[in-house]
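When we follow our numbering, the leftmost residue of the sequence shown carries the number 873, and every step to the right adds one. Note that the Cβ used here is the ideal one computed from N, Cα and C, for glycine as well.
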Amino acid sequence: MCDEATSALDPTTTQSILRLLKNLNRDLGLTIVLITHEMGVVKEICNRMAIMQDGEVVEHGRVYDLFADPQEALTQEFISNVVSFEVPEETLSGCSGTIIKVTFRGTVAGEGIIGICCNRLTSREISCTVRLNTLKTDRSASSSWSCAEKLVTYKWVSTTFSNDKQMWRCCAMDFQHLINLLPDMAEAFVETMQMIGISTAVAIIIGLPLGIILFVTDRGLFWQNVILQQTLGFIVNIVRSIPYIILLVLLFPVTGLLVGTTTGPVAASVSLSVAAIPFFARIVETALRDIDKGMIEAAIATGATPWMIMKDVLFPEARSSIIQGLTLTIISLIAYSAMAGVVGGGGIGDLAIRYGHYRYDTTIMIATVVLLIVLVQVIQQIGDLIAKRVDKRT
């Protein structure tokens, strides 16, 4: 039992005493009863608390619960030294309706907490108006304050979902806001192209030979090796069966080992490459299987070597299908790169998640979707054009 263990002590000594008590509790498993009137001490060290008045317990429970929602007047008085419950008069004067208090537990949020709350309130099947006021932010850390400033900078408007016109205004494009974000969008586009470029190159370098091996080692072909073919096919199928977002997380240790970090476009390229290799290999194998086997048999009958068969028969006949498959692979990588943005991969997906989803920024969400659509259409048109040019049948 510690009775006023930190009373009348300077802050440095107080922290030393609190560290000692925490160590005793952790290392020796001791239960410590702390008697104090300093709520800052209670907040830092205690798990549960009880408020006493005239020798009786008037309120008790978890420290977080009592700090977040104190019921008794005495509890509110004590805790008011640490947490403010009063809404400023200037804020109250401009408000009407119900004021909801949202208490956040912790110091860092991985999602847009305020945006999620507003979205849930305005998604009900009733007419509902949400007015957002930032009453207090912690300026103790520059990074936290920078984040808070960004939150306030982006326009949170009072939205009423009682008629279609007001809902349309909520979802309308803000072109000035879009112009301000053009540098961020340009950077995100470059990051996306960097991820796609690296992973496409790796897919061609490794996936193309792998697809050829899967084909030529099959039964009845000139490099028949059933064991090798089935082993490689089994490995390819395992990688393809893992959803990309799970594969991305599974490869974090490998990514950190190879590039020294798990965030950024280069790091995301590792998992994108691993996903693209078996995907493209199967496309190459399928393209080669569409070739008439009579042509291969005729080449063997004339004494052509395996290398000559691949160079003069397989590639010329299958190159159009392979290019179409490569186009499909690149487009799939664009979708995968957007998923990589969820876990810090950067690129257009990261921009859409951070600005569009977490902050419910309709302008940036529409802009990123349009950008992705245009990018896919351009790549598809280029791929189709090249495939037609190299097709022997046209």
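Asked: Buried versus exposed call for S879 [16 or more other C-beta atoms within 10 Å across all chains shown]; Found: exposed
Asked: Exposure label - V1146; buried when at least 16 CB within 10 Å; Found: buried
Asked: Local conformation of C874 per DSSP, three classes; Found: strand
Asked: Span separating the alpha-carbon of G1216 from that of Q1066; Found: 15 Å
Asked: Per DSSP, cross-strand counterpart(s) of G933; Found: M921
Asked: Element boundaries [alpha helix (DSSP H), containing R891]; Found: P883 to L900
Asked: Pair within 9 Å by beta-carbon distance, E1157 and K1264; Found: no
Asked: Residue from G912, L1186, K1183 and G1218 with nearest C-alpha to E1063; Found: G1218
Asked: C-alpha gap between F939 and V930, whole angstroms; Found: 15 Å
Asked: Beta carbon of F1223 nearer than 9 Å to that of A1073; Found: The sequence given here places Leu at residue 1223; Phe does not occur at that position. No, they are not a contact pair.
Asked: Rounded straight-line distance, which links the Cα of V905 to that of N897; Found: 11 Å
Asked: Stretch pair the region 1116–1134 + the region 1206–1215: three plus CB contacts closer than 8 Å; Found: yes
Asked: Inter-stretch contact at 8 Å, needing at least 3 Cβ pairs: the region 1201–1210 / the region 1247–1264; Found: yes
Asked: When T1199, T1089 and Q1249 are compared against A1075, the one with the closest alpha-carbon; Found: T1199
Asked: The region 1177–1194 contacting the region 1097–1108, beta-carbon criterion three pairs below 8 Å; Found: no
Asked: Cβ contact check for the region 920–927 and the region 941–949: 3 or more pairs under 8 Å; Found: yes
Asked: Distance, S1143 Cα to W1095 Cα; Found: 31 Å
Asked: Span separating the alpha-carbon of A1170 from that of V1250; Found: 40 Å
Asked: First and last residue of the uninterrupted alpha helix (DSSP H) at D1056; Found: L1054 to V1074
Asked: Exposed unless 16 or more other CB atoms sit within 10 angstroms - verdict on A858; Found: Because the chain spans 873 through 1266 in this model, residue 858 falls outside it and cannot be assessed.
Asked: H1049 beta carbon less than 9 Å from that of T1235; Found: yes
Asked: Inter-residue Cα distance where the pair is I1245 and S1113; Found: 26 Å
Asked: Nearest-angstrom Cβ-Cβ length linking A1259 and S1192, presumed shorter than 8 Å; Found: 5 Å
Asked: With 16 other Cβ atoms within 10 Å as the buried cut-off, status of L1054; Found: exposed
Asked: Helix, strand or coil at L906 according to DSSP, with G and I counted as helix; Found: strand
Asked: Sub-9 Å separation of L1100 and I1085 beta-carbons; Found: yes
Asked: Inter-residue spacing [alpha-carbon to alpha-carbon] between P1081 and A1153; Found: 8 Å
Asked: Cutoff 7 Å; reference I1225; Cβ partners in own chain excluding five residues on either side; Found: G1213 and V1214
Asked: Where E944 sits in the DSSP three-state scheme; Found: coil
Asked: Opposing strand residues paired with D928 [DSSP bridges]; Found: Note that residue 928 corresponds to Glu in the displayed sequence, not to Asp. Paired residue(s): Q925.
Asked: Reduced DSSP category for I1114 - H, G, I as helix; E, B as strand; rest coil; Found: coil
Asked: V1262 versus I1068 - alpha carbon distance; Found: 23 Å
Asked: Cβ-based neighbour list, F950, same chain, cut-off 6 Å, excluding 5 preceding and 5 following; Found: M911
Asked: Beta-carbon gap between S1071 and A1148 smaller than 9 Å; Found: yes
Asked: Contact under 9 Å by Cβ, G1197 with A1159; Found: yes
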